[in-house]
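Worksheet: one structure, shown below.
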Amino acid sequence: MSYDPGALNAALAAAVGEDIALIADLRIAFMESAERQLDLLRNAQADASWELASWRLKGLAASFGLTHLMALADEAADCVRGDPRILRQLRMAIDRLQQG
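Mapping to this note's numbering: the sequence shown position 88 is 132, numbers consecutive.
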């Protein structure tokens, strides 16, 4: 699956035009929400909590057309709660978005 580091910026620009300040604010809000869902996954005490956080992360990614993150979050929903491999992959994907 390919990874497009500019997809988030393109989605934000398409949504709000060329308002650079608004794009920056929305990018921060997106990243905070993605981090929050990753923290909820990492700290999930029940399978239902794990599943809910993965679905929310998938929905967030889908809202911005981030297919790689969306696919990872979808995969997480099917993984065992606390799966270290998928948590690492999600962490790396979010880190790449942060840098892009």
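Where a beta carbon is used, it is the ideal one built from N, C-alpha and C, also for glycine.
| Hey, out of 68, 88, 100 and 64, whose CA is closest to residue 127's CA? | Working through the sequence shown from its first residue, we reach residue 127 at position 83. When only C-alpha atoms are compared, the closest one is 88.
| field | Burial state of residue 43 (16 or more Cβ within 10 Å) | value | Residue numbering for the chain in the displayed model covers 45 to 144; residue 43 lies beyond these limits and cannot be assessed.
| query | With 16 as the cutoff for other CB atoms within 10 Å, does residue 136 come out buried or exposed? | reply | Position 92 of the sequence shown holds residue 136. Residue 136 comes out exposed.
| query | To which residues of the same chain is residue 102 closer than 6 Å at the C-beta, ignoring the five residues directly before and after it? | reply | The residue labelled residue 102 in the question sits at position 58 within the sequence shown. Cβ within range, chain order: 114, 117 and 118.
| query | In its own chain, which residues sit with a C-beta less than 6 Å from the C-beta of residue 129, not counting the 5 before and 5 after it? | reply | Position 85 of the sequence shown holds residue 129. None.
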